[in-house]
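Each position in the sequence shown, counted from 1, maps to that position plus 32 in the numbering used here. C-beta: ideal position from N, C-alpha, C; glycine also. One structure is given below, encoded as structure tokens.
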Amino acid sequence: MDLLTNVDLANQAFIVGNLLQTWPKLHVIGEEQNVTQKFDQINVDCQTLKKEIPKALMCPMDDIIVYVDPIDGTKEFTEGFYSQVLILIGIALKGRPIAGIMCQPWKEDSKDSERGVFLWGLVGHGISPIDPSQFGSKLLALPNKPPFPQSLTLVVTKSRSTPELEDYIKKHNFQNVLRVGGCGYKILLLILGKADVYVQATPGIFRWDTCGPEAILRTVGGTLTNLSGIEYHYGKDSLGNSEGVLG
């Protein structure tokens, strides 16, 4: 078993183990299956849990699914593109993403780099503060941009392409095309205003890749659908985003 797999399993064991320790009946779906590793238990802030919760935010636990991707961008991790690696947690309520956490362990492509962005968000209630230095020029210039910008930046996967995708790029005359790894990282670029459009035309994306990032993207006014513009349903059975991704 290689180091990456060990890290992957250890991360998932830590996240899922601590969630189930606090909420034993919570339905959690992780990328790695049948993880039985021991994990370090954390002390939950019970005072926070005892705070009164607005009735509008309360719901039956059976309606909730938590998706965990312990390391999104495993290929990038092995290749040294550490900034494209994220830890993703998403919460879906009745099939729709409502909350997410995105943690970028490395800001730069070095294991000695400082930590990158750490975001959490709840649809309809906002997201955690972001250092202004993290924002791209597209987001900062948003109030002054025309309704239909003439210069769009597209982000796509660097590892796979199709003739249809390349035709799409030429047809829409994108001025800048970013080819990077990691589904979470691509959506992070949208959230931070460093890209305008995300297209994934090939298989390989799953609900644990998109649930958390989609929730945060929706919180800041974005959308994520399949290539036909139809929203994905986040249930217990269908886990693959087989019809592509458009953000």
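Query: Start and end of the alpha helix (DSSP H) containing Pro245?; Result: Arg239 to Thr251
Query: Would you report the Cα separation of Phe46 and Val39, rounded to the nearest angstrom?; Result: 10 Å
Query: Just checking my contact of Leu278 with Thr257 at CB under 8 Å: how many whole Å lie between their CB atoms?; Result: 5 Å
Query: Hey, quick one: how far does the beta strand (DSSP E) through Tyr217 stretch, first residue to last?; Result: Looking at the DSSP string, Tyr217 is not in any beta strand (DSSP E); the run it does join, the alpha helix (DSSP H), is Cys215 to Ile223.
Query: Closest to Leu271 by CA distance: which of Asp101, Ser160 and Ile219 is it?; Result: Asp101
Query: Whose C-alpha, out of Gly276, Gly127 and Gln116, is nearest the C-alpha of Met93?; Result: Gly127
Query: Can you tell me where the beta strand (DSSP E) holding Leu210 begins and where it ends?; Result: Asn208 to Val212
Query: Leaving out the 5 sequence neighbours to the left and right, which residues in its chain are closer than 6 Å to Glu108 when beta-carbon positions are compared?; Result: Gln116, Val117, Gly213 and Gly214
Query: Given this structure, state the Cα-to-Cα distance separating Lys268 from Leu58, to the nearest angstrom.; Result: 12 Å
Query: Using alpha carbons as the reference points, say which of Lys226, Asp199, Gly216 and Thr194 lies closest to Asn208.; Result: Lys226
Query: Give the range of the beta strand (DSSP E) segment to which Tyr281 is assigned.; Result: An answer regarding residue 281 cannot be provided, because it is not within the stretch 33 to 279 covered by the chain.
Query: In terms of DSSP beta bridges, what is Val188 paired with?; Result: Arg211
Query: Along the chain, where does the beta strand (DSSP E) containing Leu125 start, and where does it finish?; Result: Leu118 to Leu125
Query: If we count the other Cβ atoms within 10 Å of its Cβ and call it buried at 16 or more, is Leu89 buried or exposed?; Result: exposed
Query: With a CB to CB cut of under 8 Å and the five nearest residues on each side skipped, what residues in its chain are close to Tyr200?; Result: Val231 and Ala233
Query: State the start and end residues of the unbroken alpha helix (DSSP H) segment that holds Ile201.; Result: Pro195 to Lys203
Query: Give the single residue among Asp104, Ile96, Lys139 and Cys135 whose Cα lies nearest to the Cα of Pro129.; Result: Ile96
Query: Ile133: which of Phe206, Gly276 and Leu220 sits nearest, CA to CA?; Result: Leu220
Query: Mind checking who Glu231 pairs with in its DSSP beta bridge?; Result: Looking at the sequence shown, residue 231 is not Glu but Val. Val231 is bridged to Leu278.
Query: May I have the straight-line CA-CA distance separating Ile61 from His265, to the nearest angstrom?; Result: 14 Å
Query: Would you call the CB atoms of Trp240 and Gly153 closer than 9 Å?; Result: no
Query: Leu184 to Lys87, Cα distance in whole Å?; Result: 42 Å
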